[in-house]
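Here the numbering used here is used: the sequence shown runs in plain steps of one and ends on residue 223. Here the structure is laid out as structure tokens; the discussion comes afterwards.
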Amino acid sequence: MGLKADIDEVLVVWARAPWRVRVYLALSLILASTSIASLSETVFKWKGFLRDGVNLYRSAISDPIKAVAQNLLNYSLTQSAFDLVVLAILLAAASFRVAIFQPRGSFGRKGEFAALGAMVGVIVVLIAGNGTPLSLWLAGISMVASFLMNAWFHVRLGGAPALLWFVYVLAPPSLVGLLGAIHSGLTRQA
């Protein structure tokens with residue numbers, strides 16, 4: 034049922050409802066809008082958790098790997114380009130891992146390899162563009178589109194491959210965020 038149908042239904046009920054139902058509907062609307070108003074407080078609470086995760090990712094994962102890669106390859110990437118390369122590698126690895134478990138020649142396996150190819154293309158664009166605004170924009174749009182198509186594909190596919198893909202994609206960022214929060218809590222001065 035769409036939003037218009039919901040609004041039409043409320044208007045029909047409102048017109049023939051007794052005053053008690055009207056009061057209940059009005060209170061429900063007020064309470065729903067206050068939960069939306071408290072959304073900024075919830076975002077503020079999550080901001081620290083997300084910042085701790087990003088700080089730990091940068092200091093313990095991203096910066097050391099970036100330094101080693103720059104020394105080995107003698108090629109420098111901007112921080113944002115490097116972060117997108119890491120994210121593309123994460124998405125490509127998830128698709129590759131799920132493709133391994135798919136039967137040969139199946140529709141799911143072909144979809145996984147298509148997603149893997151898209152992420153390799155994103156990595157090439159990022160490295161070739163070296164963090165220029167155009168390369169970051171193209172890579173970002175491609176990654177979001179690929180992620181959304183992959184997520185939709187796996188929701189529709191269902192079963193173990195879908196669960197594996199979501200676990201492979203969501204577990205590393207969640208683990209880094211959790212470890213960042215723990216690290217921040219342990220190193221915080223009282």
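Virtual Cβ for every residue (Gly too), placed ideally from N, Cα, C. Please read all numbers here as calculations on a predicted model, not as lab measurements.
The three-state reading of DSSP puts Tyr201 in helix, counting H, G and I together. Around the Cβ of Ser179, a 10 Å sphere holds 16 or more other Cβ atoms; the residue is buried. With contacts defined as CB atoms closer than 9 Å, Ala114 and Gly162 qualify as a contacting pair. Cβ-Cβ separation between Val155 and Ala172: approximately 5 Å, consistent with a contact (criterion under 8 Å). If only uninterrupted alpha helix (DSSP H) runs of at least 4 residues are considered, those enclosed by the region 97 to 134 are 112 to 133.
Trp185 and Met152 have their C-alpha atoms some 17 Å from each other.
Separation of Lys80 and Ile40 (C-alpha to C-alpha, rounded to the nearest whole angstrom) is 34 Å. Distance between Val87 and Leu203, taken at the CA atoms: about 15 Å. C-alpha of Leu197 to C-alpha of Arg91: approximately 26 Å in a straight line. Taking 9 Å as the cut-off, the beta carbon of Leu212 is found closer than this to the beta carbon of Leu89.
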